[in-house]
Structure formats: structure tokens, C-alpha cells
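This report refers to the structure that appears directly beneath it.
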Amino acid sequence: MYTTLYKLFRAPRNRNLKRKTWIAHTIWNYFLGWQRTRYALGLPYLSYKEMSREFTILRKSHPDMFAHWRELDSWAARQVLKRLDEGYQRLFKKIAKRPPKFRSFRKPYSFTMCPSGYKFADPVAGDKGFGIYNDHVTIMGRTYRFNLSRPIFGNIKTVTIKEDALGDFYMSVVTNHVQSHIKPMTGHAAGFDMGIKTMLTCSNGRPYESPHFYTESVNEVRTANRQLSTKQRGSQNRERARQHHARMHRKVRQREDHHWKLALELVRRFDVLFFETLNLDGMKRLWGRKVSDIGFYAFLEKVKWQAKKRGKRVECIDQWQPTTPICHVCDTCVSLELSDRTWTCEHCNTHHDRDINAAINILKVGASTFGVENVRLAIASCP
Numbered sequence: 008m009y010t011t012l013y014k015l016f017r018a019p020r021n022r023n024l025k026r027k028t029w030i031a032h033t034i035w036n037y038f039l040g041w042q043r044t045r046y047a048l049g050l051p052y053l054s055y056k057e058m059s060r061e062f063t064i065l066r067k068s069h070p071d072m073f074a075h076w077r078e079l080d081s082w083a084a085r086q087v088l089k090r091l092d093e094g095y096q097r098l099f100k101k102i103a104k105r106p107p108k109f110r111s112f113r114k115p116y117s118f119t120m121c122p123s124g125y126k127f128a129d130p131v132a133g134d135k136g137f138g139i140y141n142d143h144v145t146i147m148g149r150t151y152r153f154n155l156s157r158p159i160f161g162n163i164k165t166v167t168i169k170e171d172a173l174g175d176f177y178m179s180v181v182t183n184h185v186q187s188h189i190k191p192m193t194g195h196a197a198g199f200d201m202g203i204k205t206m207l208t209c210s211n212g213r214p215y216e217s218p219h220f221y222t223e224s225v226n227e228v229r230t231a232n233r234q235l236s237t238k239q240r241g242s243q244n245r246e247r248a249r250q251h252h253a254r255m256h257r258k259v260r261q262r263e264d265h266h267w268k269l270a271l272e273l274v275r276r277f278d279v280l281f282f283e284t285l286n287l288d289g290m291k292r293l294w295g296r297k298v299s300d301i302g303f304y305a306f307l308e309k310v311k312w313q314a315k316k317r318g319k320r321v322e323c324i325d326q327w328q329p330t331t332p333i334c335h336v337c338d339t340c341v342s343l344e345l346s347d348r349t350w351t352c353e354h355c356n357t358h359h360d361r362d363i364n365a366a367i368n369i370l371k372v373g374a375s376t377f378g379v380e381n382v383r384l385a386i387a388s389c390p
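This is the structure we're talking about:
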């Protein structure tokens, strides 16, 4: 399966998609309340099939009360019930700690449409049903324009329309296209030291800086929070303040894009990547927001995901392995303070950069621990 995400252009007709998400909200909340009522009466839980059967009965027996349910595609409505059932199944299997919750109508939602209802069509033919053609998508009889940032390959399986906090709509398209990520190996392995001053330092001597997205916008976020808290609920001023608040947090979330691009660059350059295991809880107690702003754990998960798709390896060495105070040339251990960014080995007179030396030691420990073969170790030359 291959998933691509596209942004729909803003238009007055997008209010129809807004209503579709509202209908999906009502279906979720109705059947969640129905299940809770059954539980309070001592009745057993009913699975997705029973909920789907009840949904059909309600639409036919009460056409006036549930007329708005007919505005949403039948398959999309049943996908809402399937999500609700999956939430309860996770609770029964003790994967989730709490049952599903009622969804607020103020928060964005999404709905998924029938896989067989989407096909490539010619707009000249006048097809007014479902279809995706060029940069237009037809959803339940209405056509919307989206930013075709990349082509769509394969047969479309599902199309999900979701809304963000600013009211923008995105289209997630899942196809049966199998993308081949297996490319010629580079034959290189590298170790990486992670830190606060420099996010990543490669064993070949190259530093990778990380913009502090939250730190740079913290004053704007605080101002937006204060402005939002002073506005009266339900007023237009509060809605404008809420959108400004969401816009500031979208700016902070640029960190995600930076992580994905950096992870892809590293995986393309090296076949085997070694990282150190960090005590993130201890680091947060010392440096607080700086650690969360960089997002070490989230970045490492993205690197592992990119490496898995491309047949590369990502390994983490032991947390208590002393990589910083040991000279990578003669293995002499010295006593260093946190402020010592550079130091000279007294035994071999080699001048070290603190982070580069740690990255080289991480590479050596990883190569000896995990048995790396047929790769060249990327080690920076000593001055």
C-alpha cells in the first residue's frame, strides 16, 4: 500500500465537506451513547456488524429524524462505526486504558470513502459521480480542486478527507502501488552523537543543526494563549483568536518536516547507522524544554522507519557506554567537564572535538557489537 497526502484549495464549497465531518461526528456520538446505555442496562456489547445493522434500521424506520445521515456515503458512515468498534476492541484486549470518548463538534474530524467509488476519469466525459482526475476530485457529486503535489500511482483503495484546526482540508489517498525503495547500497556506516548544542554530529565530522522551532516561537505562542483565554466563549473574537493560536502551533510543527527530511538524507547516505541510547527523562530534568523542542525520540523513530523501508540498519548502543571521555585513537580515558567542547589527549597528543570523538566511538562500539560487514566506517580525520 502507498499513501499520499494532498491539500484541498480553500473554496466556499468546502462547507459541504465541513457538514460531512459533522455528520460523521453525529454517527460516532450516537452509537457511542447507544453502547454506553446498553452497558448501563447490563446488556452485552454489540460488534460492528450489529451496529451496522442498527444503522440501516434507523435510517429506514426514522427517515425524518436521521435524514442528515443520508448525506454521508453509506460506506463512509460504516467506516465511522468500524473505528468505534476498533476502539472498544483495543479496550477489551487491554491495549487501550479507556473506552472511546464522545467527540466534540468544535474539533476537526475525518471520514473515509468507498474504495470502489474512486477511479481515474476524464472530465470531458461529464462524469458527475465519484472520480479523481488531474487536480480535481469529485466527492458525493461535488468537485473540489486540490494541489497535485505528486502523481497518483496504482489503483485507489481508500480516500480519507480530514480537517485541521485551521479549517483546511486534506485528502489522504491509499493505493495498491508498491514503491521500490531498494537502491544500490552505499557501503558506508556512520555513528551519530546527539546533543543539545548540535542535534547530530556524524562520525565523519559533519554536524547537523536543528532549528529550535518552539523556542523561536515561544513568545508568540504565549501571547496567543493569553489572547485566547481572555475571549468570551462562542464569540467571533474567540474564533479568530483560536485560529491564530492554531496557526502558531502549525508553525512549531515544522519540526516534523525537518525530521523527515533529515532522516531521509541520512538513510540515503549510509547503510548502517549507530546511535546512542539516551536517558531522555534525565535530560528533560536538566534542560527541560530544549530536549522536547529537538524531539530526539520522534526523530529516531522516523530514521528507523525510513531505514526499514529501504533495507538499511539502525542500531543503538548501550546507554552506559563511555563514548565521550575516551580517545578514539589510543583508548585513553580522561576526565571532562560539560563545558569542555575540545580537548587534547595527553597520551597521543591528538586534538579532539568532543562531539566528533563521541560519534567515532559510537561507530566503533556499534561496529564491534553488532558485527557490521562489507561497509566502510565513516571516520573523520584527526587534525
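Position 132 (the sequence shown) corresponds to 139 in the working numbering; numbering is contiguous.
All C-beta atoms, glycine included, are put in the ideal place defined by N, C-alpha and C.
For Phe377, there is no enclosing beta strand (DSSP E); the residue is part of the alpha helix (DSSP H) that begins and ends at 361 to 377. DSSP places Ser81 in the uninterrupted alpha helix (DSSP H) bounded by 81 to 99. Taking a 10 Å sphere around the C-beta of Lys25, we find fewer than 16 other C-beta atoms and assign the residue as exposed. The count of Cβ pairs closer than 8 Å, one atom from the segment 98 to 110 and one from the segment 139 to 159, stays below three, leaving the stretches out of contact.
Asp264: member of the alpha helix (DSSP H) spanning 261 to 276, first to last residue.
Excluding residues up to 5 positions away in sequence, Ile30 lie with their Cβ nearer than 6 Å to the Cβ of His75 in the same chain. For Glu344, no alpha helix (DSSP H) encloses it, and the DSSP letter there is neither H nor E.
Around the beta carbon of Glu283, a 10 Å sphere encloses 16 or more other beta carbons of the protein chains shown; the residue is thus reported as buried. Asn162 and Glu263 have their C-alpha atoms spaced approximately 29 Å apart. Contact annotation: the segment 333 to 342 does not touch the segment 281 to 297, with fewer than three C-beta pairs closer than 8 Å.
A direct Cα-to-Cα measurement between Gly302 and Leu287 gives close to 10 Å.
For Lys56, there are no CB contacts under 7 Å within the same chain when 5 residues up- and downstream are skipped.
Using a 10 angstroms sphere on the CB of Val310, the tally of other CB atoms reaches 16 or more, which defines it as buried. Leu98 and Gly289 have their C-alpha atoms roughly 32 Å apart. Here the alpha carbon of Lys104 sits roughly 26 Å from the alpha carbon of Ala172.
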